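Trainee: Take a look at the following structure, please.
Numbering (the working numbering), first residue to last: 142 to 196.
Pasting the structure below:
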């Protein structure tokens, strides 16, 4: 049950530093942007669902 609410990987995904050894192209940057956007939308929707359930 402890690992069920572990959002540390999601939080560190948003705030990690760029690797200087890895060459970034448009496809890689767009993929990471879409991943961040989808995770953010999921967390906002989860917050809204919990808020509506409580109130």
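C-beta: ideal position from N, C-alpha, C; glycine also.
Just so it is clear, the structure is predicted and the values come from calculations on it, not from any experiment.
1. Taking the Cβ atom as the reference point for each residue, do residue 155 and residue 177 lie within a distance shorter than 9 Å?
2. Determine the closest residue to residue 180 out of 145, 151 and 146, with distance taken between C-alpha atoms.
3. Taking Cβ positions, are residue 165 and residue 159 nearer each other than 9 Å?
4. Quick check on the DSSP output: the alpha helix (DSSP H) that includes residue 183 runs from which residue to which?
Mentor: Inspection of the coordinates gives the following:
1. yes
2. 151
3. yes
4. 167-195
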